[in-house]
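Here's the structure, in structure tokens; my notes come after.
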Amino acid sequence: MNSCETGDASAPSADGRAFRVLRILLPVIVAALGTAAWELAVRLFDIQPYVLPGPVAVFRTLFSDWGVLSQSLLVTLLTTLEGFVAASLGGIALALLFNLSKVLEYSLFPYAVILQVTPVIAIAPLLLIYLPQQTAVVVCAWIVGFFPVLSNTTLGLNSVDRNLAGLFQLYGASRLQTLRFLKLPSALPYILGGLRIAGGLSLIGAVVAEIAAGTAGAGSGLAYRIAESGYRLNIPRMFAALLLLSLAGIVIYALLALISHLALRRWHESALGKES
Amino acid sequence: MVAPAWFETDAGRGGLAVSLRGVTKIFDGGVMALGPFDLAVRKGEFVSLVGPSGCGKSTALRLIAGLATPTTGRVDTFPHAGETQLGHGIGFVFQEPTLMPWASVRENVRLPLKLARVPKNDSDARIGEALSRVGLTEFADSYPRELSGGMKMRVSLARALVTDPDILLMDEPFAALDEITRFRLNNDLLALWRNLKKTVIFVTHSVFESVYLSQRVLVMTARPGRPGSEIRIEASEPRDEDFRTSTAYAEYCRKVSSALAPSYVGKSAL
């Protein structure tokens, strides 16, 4: 009887651990197999590096060109961060304003949608005409990043529990108190979800603007490196820069997911394990 | 202003806590939810409102709490002066625990005091007292999701008590709980009522609960809700499990049930 119970209790947790290890292991195996197949194909068919460089060549370039690439990475990350911060603050602030005033919401929301549905790649060249390049790039990152924050925050602010709102009314809460103690905490999971999307989109916005600026610009971000290397047929460097961009995107997402988890782990369903 | 006859007589017996006169409530869709509705509750009285679903019981409570305004008629509440320092003397317990999931039990109970800008040092003592009254002292730092349904309801009750209100409005607070938890909370509520001398208006679906708890059961008619019959429960205090199994209790339940029956005539159980 006793042994039966302990057996039952430990079995799911052992299963769970194995499952977690597998979840990390499987993508790693896929990456290893894919890279090996790629390298093998390049060597087997003797493909020239200006057509398709093998992973080894890409990594070699990554190290040999690290000086140039790391500088570019820093520039792109900084641009992304600026765009992201602007998008987050702008999106949350605008959602709060909309929540306070319906007139403002009805007047401005359609334009926020228009800004969102117009492809940023088409706006970027125009921005580059009127703004200094560095500003234009940040503005692009902001344009693509702010809408998910705005719409998610708006959704969150409107998802307040009706009874809790009644309770605040009963106890004579001021508008500011209701916002601070009820609406913002209720909206927090939604806001964090919006920020997670905005983080990746800010990177995309920054890259799009850099590509649009192209070699004509004085920029030195990763996307600029990709465009420049393309013209010079330096394909390994293109791949290396692309790899860094992907890694940057992954790190941004992981960081925001971690922040979201830490902020919500005590109370929100999304951050709770299955066991509770 | 001409006061009706009962106003005078009831005012003579310790005064009124809540009075509704000719109150109606018509919702935006044109549905008449309530009325005309008259109700007078004396200070320290425990009154239950019983009635079929949708008869406006909850609407009546929301009107008393000031969460909704009557279409016609007037609602008066008379919490005594000592309590006005917190801006109101009404506590409300909803059907759901209605706790903030992001805040600990202590912070949930603190909410009414925080909104009234009571300094933290003063509120800590009150919170401690309210939590000990509902037997949750050791769960002060837990989060709502870590508590059982009955415990969440106790937190909700502690939050309503923390401002020391004169009038406690309860909207089917125990409806979602299992029977054993419900009986226990019924006993706890009665003990609180005896010790704290609050006026309680209690809305419930349960005939048995209303008889067990109240001094007076008000059976409401189907929509639009109006006071139908009134049954006074005269049982020896304190009420306990002996009362729950007594023949007098069964007799009162039968009375309330038969008063309730006309509202359900011609309606399917669904």
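Residue numbers (my numbering), protein chains in the order written: chain X, 1 to 276; chain L, 1001 to 1270. We treat Cβ as the ideally placed atom computed from N, Cα and C, and that holds for glycine.
Problem - Length-filtered (4 minimum) alpha helix (DSSP H) runs lying within the segment 44 to 90 of chain X - result: Runs found: 55 to 64.
Problem - CA-to-CA distance, A1160(L) to L201(X), given in whole angstroms - result: The residue labelled residue 201(X) in the question sits at position 201 within the first sequence. The residue labelled residue 1160(L) in the question sits at position 160 within the second sequence. About 46 Å.
Practice task
Kindly give me the distance between the Cβ atoms of V1105(L) and F1139(L), rounded to whole angstroms, as I take these residues to be in contact under 8 Å.
Solution key: Taking the first residue of the second sequence as position 1, residue 1105(L) is located at position 105. Taking the first residue of the second sequence as position 1, residue 1139(L) is located at position 139. The C-beta distance from V1105(L) to F1139(L) rounds to 5 Å, short enough to meet the 8 Å contact threshold.
Exercise for the section: Return the CA-CA distance between S1206(L) and L155(X), expressed in angstroms with no decimal places. Expected result: As a first step, residue 1206(L) is located in the second sequence; it is residue number 206 there, counting from the start. As a first step, residue 155(X) is located in the first sequence; it is residue number 155 there, counting from the start. About 37 Å.
Practice task
Taking L1039(L) as part of the beta strand (DSSP E), name the residues at either end of that continuous run.
Solution key: Position 39 of the second sequence, counting from 1, holds the residue named residue 1039(L). Element bounds for L1039(L): 1032 to 1042.
Practice task
Name, please, each residue of chain X whose Cβ falls closer than 8 Å to the Cβ of L1067(L).
Solution key: As a first step, residue 1067(L) is located in the second sequence; it is residue number 67 there, counting from the start. Under the 8 Å cutoff, chain X gives G166, Q169, L170.
Handout entry: Simplified DSSP assignment, three categories, for D1076(L)
Key = Locating residue 1076(L) in the second sequence gives position 76, counting from the first residue. In this structure, D1076(L) counts as strand in the three-state DSSP scheme.
Handout entry: Terminal residues of the beta strand (DSSP E) in which D1171(L) lies
Key = On the second sequence, residue 1171(L) is found 171 positions in, with the first residue counted as 1. Segment 1167 to 1171, the beta strand (DSSP E) holding D1171(L).
Handout entry: Contact between the segment 1226 to 1235 of chain L and the segment 1249 to 1263 of chain L (3+ Cβ pairs under 8 Å)
Key = By the criterion of at least three beta-carbon pairs nearer than 8 Å, the segment 1226 to 1235 of chain L is in contact with the segment 1249 to 1263 of chain L.
Problem - Run of the alpha helix (DSSP H) containing A263(X), from where it starts to where it stops - result: Here residue 263(X) refers to the residue found at position 263 when the first sequence is read from its first residue. 235 to 264 is the span of the alpha helix (DSSP H), which, as asked, contains A263(X).
Handout entry: Any C-beta of chain L under 9 Å from that of N152(X)
Key = The residue given as residue 152(X) occupies position 152 in the first sequence. No, N152(X) lies away from the interface with chain L (no Cβ there is under 9 Å from its Cβ).
Exercise for the section: Please name the residue, chosen from L1169(L), V1211(L), P1097(L), L1213(L), that lies closest to G1089(L) on a Cα-to-Cα basis. Expected result: Within the second sequence, the letter at position 89 stands for residue 1089(L). Looking at the Cα atoms, L1169(L) is the closest of the given residues.
Problem - Between the CA atoms of N1195(L) and D1242(L) - distance to the nearest angstrom - result: For the purposes of this step, residue 1242(L) is taken as the residue at position 242 of the second sequence. For the purposes of this step, residue 1195(L) is taken as the residue at position 195 of the second sequence. Straight-line Cα distance between these residues: approximately 20 Å.
Practice task
With a threshold of 16 other CB atoms inside 10 Å of the CB of W66(X), please say whether the residue is buried or exposed.
Solution key: Taking the first residue of the first sequence as 1, we reach residue 66(X) at position 66. With fewer than 16 Cβ atoms within 10 Å of its Cβ, W66(X) is classed as exposed.
Handout entry: is_contact[H268(X), chain L] using C-beta, thresh 9 Å
Key = Here residue 268(X) corresponds to residue number 268 of the first sequence, with the count starting at 1. At a cut-off of 9 Å between beta carbons, H268(X) contacts chain L.
Handout entry: Contacts around V103(X), its chain only, beta-carbon distance under 6 Å, and the 5 residues preceding and following it disregarded
Key = Translated into positions along the first sequence, residue 103(X) becomes position 103. None.
Practice task
Please determine, among P1036(L), S1236(L), E1045(L), the residue with the shortest C-alpha to C-alpha distance to L1271(L).
Solution key: Only positions 1001 to 1270 of chain L appear in this structure, which leaves residue 1271(L) out of reach.
Practice task
Establish whether the CB of E1271(L) and some CB of chain X are separated by less than 9 Å.
Solution key: For residue 1271(L) there is no data in the structure shown, the boundaries of chain L being 1001 and 1270.
Problem - is_contact[T1181(L), chain X] using C-beta, thresh 9 Å - result: The residue you call residue 1181(L) lines up with position 181 of the second sequence. Interface with chain X (9 Å Cβ-Cβ cutoff): T1181(L) is excluded.
Handout entry: Any 3 or more C-beta pairs closer than 8 Å across the segment 38 to 50 of chain X and the segment 18 to 27 of chain X
Key = With the cut-off at 8 Å, the segment 38 to 50 of chain X and the segment 18 to 27 of chain X do not touch.
Handout entry: Under 8 Å from the C-beta of D161(X): neighbouring residues of chain L
Key = Mapped onto the first sequence, residue 161(X) falls at position 161. Within 8 Å Cβ-Cβ: T1098.
Problem - DSSP-derived helix/strand/coil call for I1233(L) - result: Along the second sequence, one-based indexing puts residue 1233(L) at 233. Reduced to three states, the DSSP call for I1233(L) is coil.
Exercise for the section: Could you confirm whether any beta carbon from chain X is found closer than 9 Å to the beta carbon of T1204(L)? Expected result: The residue you call residue 1204(L) lines up with position 204 of the second sequence. So, not an interface residue.
Problem - Nearest candidate by alpha-carbon position, reference F1094(L), set F1183(L), S1210(L), K1152(L), E1237(L) - result: The residue given as residue 1094(L) occupies position 94 in the second sequence. Proximity to F1094(L) across F1183(L), S1210(L), K1152(L), E1237(L) peaks at K1152(L), based on C-alpha coordinates.
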